[in-house]
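Visitor:
In the UniProt record's numbering, the protein residues as written are 1 to 268.
(1) Rounded to the nearest angstrom, what separates residue 132 and residue 82 at their Cα positions?
(2) Along the beta strand (DSSP E) that carries residue 95, what are the first and last residues, could you check?
(3) Going by DSSP, what residues sit across from residue 354 in a beta bridge?
(4) What is the rounded straight-line gap between the Cα of residue 218 and the Cα of residue 113?
(5) Exposed or buried, which one is residue 222 when buried takes at least 16 other CB atoms within 10 Å?
(6) Can you grab the Cα-Cα spacing for the pair residue 246 / residue 173, in whole Å?
(7) So residue 94 packs on residue 19, CB below 8 angstroms; how close in whole Å?
(8) Excluding sequence positions up to five away, which residues of its chain have a Cβ less than 7 angstroms from the Cβ of residue 186?
(9) Do you know offhand how far residue 44's Cα is from residue 88's?
(10) Might you give, ordered along the chain, the residues of its own chain that have their beta carbon closer than 7 angstroms to the beta carbon of residue 116, omitting 5 neighbours on each side?
(11) I'd like the span of the beta strand (DSSP E) that includes residue 39, first residue to last.
(12) Quick check: the Cα distance between residue 64 and residue 7, rounded to an integer number of angstroms?
(13) Give me the residue from 60, 99, 51 and 92 with the minimum Cα distance to residue 78.
(14) Where does residue 107 fall in DSSP's three states?
(15) What's the C-alpha gap between residue 164 and residue 158?
(16) DSSP on residue 101, reduced to helix/strand/coil?
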């Protein structure tokens, strides 16, 4: 199977490229911001470049992992360009979305819940979902959460940097998420690329946890005491961002063979 992975130099994309190659697939990964051996250059903001690459590769499936939190063109327009090119070439599409599309609430979000973004990155991800579903109705959209597993994770790096005083600020005690192991996410995305599921799927871990408690557990793996990890309330600090975002993963557990582990098991 010929698979194209956009964002192959990223944390998730890189794991997916390696996993798919190990499974015997013919895999092409792309990179824009960094030069990585074994990856091809691609700026997803350039629709002509996206079209040209897909016309040349004729992949059976495309897994779109590319995003830049601060760049609407990469996150939203890039997704639209990739989706349109995949649809035109008859390629299966798996698009990676985020729980950032929601405003937050105590009740879990299901796949039927519509985006309600409250900050720019969430709006870009919501726009990306809309574009993907409009131009490639058979696509699979994987809504995921904080991606963890080892110290290449941004979540791990942030916790350790804050604990060491290299970065200021706090980890929020009132931000609840469902972290997922990068290897579990990569396996789920490959499974979706190989399969025929269409529509939205919440692909996240089963265990809700605050950003601060996650940081404490990451730090503990390095022998760093909990009190070294600064915590505080996002609401009290006036941050406009989603608070509790719980993803209902019942559907994922029923359609995926991949087991999605919780934080306690991942960081054991």
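Glycine included, every Cβ here is placed at the ideal spot set by N, Cα and C.
Guide: Inspection of the coordinates gives the following:
(1) 8 angstroms
(2) 92-98
(3) Not covered by the structure: residue 354. The range shown for the chain is 1 to 268.
(4) 31 angstroms
(5) exposed
(6) 15 angstroms
(7) Residue 94 to residue 19, Cβ: 13 angstroms. No contact.
(8) 12, 15, 16 and 19
(9) 16 angstroms
(10) 102 and 103
(11) 39-41
(12) 7 angstroms
(13) 51
(14) coil
(15) 10 angstroms
(16) helix
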